[in-house]
Every structure is written in C-alpha cells, then in structure tokens.
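Per our numbering, numbering of the sequence shown is gapless, rising by one per residue and ending at 401.
All C-beta atoms in this analysis are idealised placements derived from N, C-alpha and C, irrespective of residue type, glycine included.
One structure below.
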Amino acid sequence: SFGLWAPNAERVELALIDSKANQTNVDMVRREDGVWKTFVAGVKAGGRYGYRVHGPWDPSTGKRFNPAKLLLDPYARAITGGVDYSGPIQDHTVESHYQPDPVDSSAAVPWSVVVANTAPPAPISNPRPLSESVIYETHVKGYTRLHPDVPEHLRGTYGGLAYPAVIDHLLNTGINTVQLLPVHHFISEPFVISRGLKNYWGYNTLGYFAPYAFYAAIGTLGEQVQEFKDMVSAFHEAGIEVFLDVVYNHTGEGSHEGPTLSFRGVDHGAYYRLTNDMRNDYDVTGCGNSVDSSNPWVLEMILDSLRYWVTEMGVDGFRFDLATTLIRDNHQHVNQDHEFKQRIANDPVLKNIKMIAEPWDLGPFGYQVGNWGPRWSEWNDRYRNFMRDYWRNAVPGVQ
C-alpha cells in the first residue's frame, strides 16, 4: 500500500522501478483529506519507487508541480542512489525560473525503497535522566574511517561504529551516550559539488525517515535500516544511549533555484515557508528554505519521523538543529507555546524522550536561549563561551 499527501495535486502517479530501471506508472486515488492512495500486489522489500505529481504550474502562487520530475516519498524508509547535478534536476528551465522543465529527471535522482518490517533494537536496560548523560558527539564516518582496529570493509559505517573495539574505547572514556551528527539521508549542495567537494557533516536532509545510505557497509536497498538497528542494539547492550542530531528546519532542496527531488514537487507551498507574495522561500535558516511546521500535515510528518526513530530504530534522544524555526507560526513569529512543543509534551511516545534544542535561527527574534522551558535542554552559547574563557583564564577576577 502506498500513500502520498498532496492536497493540491490534480493527479498522482506511483512509479515502480524494476531492476533494469524501467518504470511502471500506477494512477493513485485521492481521498478527501488530500492523501493519494493505491495498492499494488507483489511489491517486495528492496523494490524501488517514486512519485510523479501533476498540478498547476504557477510559481507566483507557490505552485510548482511538474510530473517530469520523479520525486522521493517524504516517508521513504530507505533511499538509494545519488543526485546527478549535471542532470535535469530543477523543476524549471535554465532560461527561466517561470517555465517548467519538461525533461524526465528519473535517471538523475535518488529513489525510494520499500523496506521490510523487522524487530526494533532492544531498549537500553538502564535508562537515565538527561542530567546524568555524558554525551560524546561523533560522526559515523569520521570516527572509524581510519581506525586500525576496525575491519577495513566496516570503516566509516554504522557497522564500524558498533564494532567491539570502538565501543570498548568509548566506554573507557567514561561516556554513556553517543550523539550522532546527522544520519537522516542527506545530499550535497550544488555549490559544494561545483567546487569538487561533498557535504561531510550532513546538515542537508532529504529523507526524514531514512538512514543515510552511504554509511551502510552491506547495501542501500533497505540493508542500511537493519545495519543502523544493529548498531543501536550494540550500543544499548553496552549501556550507551543513542541521540541523533536532527535537521527538521530545512531540506536539501534549497531555494526555488535548487533541485526538485521530493517536498517541493509534492507541494512547495505546503512544505516550505514562503514570502507574503508566495514567490520565494522565506529563509530563516540560511540554507535556502525553511520547513513550515505551522502546517498541520508537515508538523505531523515531523512528529511521525521522531516517533519512527524512537519506536522502530531505538533512538533515545534528539538534538534539534536551528530549533527556533520549528516554533514559528504561520506569520513567521516565534511562539514558545507552538503546537510543536505541545504535541511533544503530550505524545505517549515522545513525552519522556530526551530533547535538546539549538535555541536559535537566523530570523527575527530567533535567538531564544533560556526560553525553551524545563521540558527541554538547550545548547547554551553563553555558558559555552564563559566556560571556555574561564579555562583560558580570560574571565577578569575569576580564578
């Protein structure tokens, strides 16, 4: 069964992709709530798919539907393949931002993958309050890619991070929590690629339910999901909790000049905050777009993603990048009583999960240090700067 929320679309096709990259398109049926559904018998785990979304092309009102662009499922549990930045990945022509590009993008974009349901990792046997957490922030690839005690084929992978020698070393440092730099599936920015580089840190998410495919040692057709689960199980068995650094404030599609790979093509004006004239992205992240958590369906996607990583992937806590973006209302005003916070506080899955905010963004009144309340912990730059200066003997009158 496949479903896609696209309330302003006029037609949606499910594109099933076989082993030779041939596509079979299946028309979906619209429900009253704006979700398009279809059932296809015989689809197996590892099957690849995407969506083609038809609708009006009117960038002046935030509508950028273009069925020539194959789109990722925003709820895809796994993603395979990369982005060919020389391919037809923009929804508009090179000559004009206001003319739709008619060239099929399917050979130049990543694809969604059907994933089998498997058991989640066992929960940690000795959960602890955040006040007792000793957090080690690390990068899945960077931590083991040159590690001499990790088998070469596992270096830089989820499996490498869970290797016994690595876990033993972490335990010997005295930590009890690892916080992973972004592992939601991400892509590189075009300007980074143009310099012959790649996005290393991962703050450019494309799939909020999919673990980054290229950190997997055993495959990218769903195998990355199991490898991530096995990593979490190994940490939990050692008494180590797992936190994720998550980037729900923007996506890797960038501004309207960027690639159309998923959200923009499904419904640009629903997933992203737009300027009052609806022509451009309202950017409070510095990354070209801002996810619109004031839209109830988009907020639900964020909460569904968090629940998924807790219940199915075994995650124990989250650090939210540029968290202030998530508490802006539909007028772009910061609201500390935003439904995002209220829903988390009352959610049976999320209410006891450890939450850490990076309490700022780049928009008006975005600096919100000290305002998130007792339910949340915060990255506090004032405290960081003071402690750094203290240890450098740079605080006048304090020794």
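In this structure, residue 129 lies away from residue 235, with their beta-carbon atoms at least 7 Å apart. Taking a contact as a CB-CB distance under 8 Å, the pair residue 349 and residue 251 does not count as one, their CB atoms being some 20 Å apart.
Residue 229: member of the alpha helix (DSSP H) spanning 225 to 239, first to last residue. The alpha-carbon of residue 364 is positioned some 15 Å away from that of residue 276. Annotated three-state conformation of residue 388 is helix, per DSSP. Secondary structure within the segment 277 to 352: the alpha helix (DSSP H) runs of 4 or more consecutive residues, fully enclosed, are 298 to 313, 341 to 348 (chain order).
Pairing residue 358 with residue 321 gives a Cβ-Cβ distance under 7 Å. When the beta-carbon positions are compared, residue 160 and residue 67 stay at least 7 Å from each other. With 16 or more neighbouring CB atoms inside 10 Å of its own CB, residue 243 falls in the buried class. Residue 357 is bridged by DSSP to 320. In the structure shown, residue 102 adopts extended strand secondary structure according to DSSP, grouped into three states. Following the DSSP letters along the chain, one finds residue 4 inside the beta strand (DSSP E) bounded by residues 4 to 7. Residue 68: not part of any beta strand (DSSP E); DSSP gives it neither H nor E.
When C-beta atoms of the segment 297 to 317 are compared with those of the segment 208 to 227, three or more pairs fall below 8 Å, so the two segments count as touching. In the DSSP assignment, residue 172 falls within the alpha helix (DSSP H) that extends over 166 to 174. Short of 6 Å from the beta carbon of residue 139, and not among the five residues preceding or following it, lie these beta carbons of its own chain, in chain order: 181. When secondary structure is reduced to three states using DSSP, residue 52 falls in the strand class. Residue 283 is classed as buried because its beta carbon has at least 16 other beta carbons within 10 Å across all chains shown. Around the CB of residue 259, fewer than 16 other CB atoms lie within 10 Å, so the residue is classed as exposed.
In this structure, residue 280 lies near residue 64, with their beta-carbon atoms less than 7 Å apart.
Between residue 285 and residue 292, the C-beta gap is smaller than 7 Å, which places the two residues in contact. The C-alpha of residue 113 lies about 9 Å from the C-alpha of residue 80. Every alpha helix (DSSP H) stretch that sits fully inside the segment 72 to 159 and reaches 4 residues is listed by chain position as 142 to 146.
Beta-carbon to beta-carbon, residue 381 and residue 361 are separated by about 7 Å, close enough to satisfy the 8 Å threshold. Within its own chain, the residues whose Cβ lies closer than 7 Å to the Cβ of residue 332, once the five positions on either side in sequence are excluded, are 296, listed in chain order. Judged by beta-carbon spacing, residue 61 lies within the 7 Å limit of residue 100, meaning their Cβ atoms are closer than that value. When the alpha-carbon of residue 51 is set against those of 370, 371, 264, 352, the nearest one is in 264. Under DSSP, residue 179 forms a beta bridge with 137, 243. A contact between stretches requires three or more CB pairs, one per stretch, nearer than 8 Å, and the segment 40 to 58 meets this requirement with the segment 8 to 27. By alpha-carbon distance to residue 368, the top candidate from 95, 338, 143 is 338. The DSSP-derived three-state label of residue 163 is helix. Under the DSSP assignment, residue 272 falls in the alpha helix (DSSP H) whose first and last residues are 265 to 273. Here residue 193 carries a helix assignment [DSSP, helix/strand/coil]. Secondary-structure assignment with DSSP links residue 25 through a beta bridge to 19. Nearest in C-alpha terms to residue 150, of all of 343, 271, 165, is 165. Apart from the 5 residues on each side of it in sequence, residue 199 sits with its Cβ closer than 8 Å to the Cβ of 190 in its chain, given in chain order.
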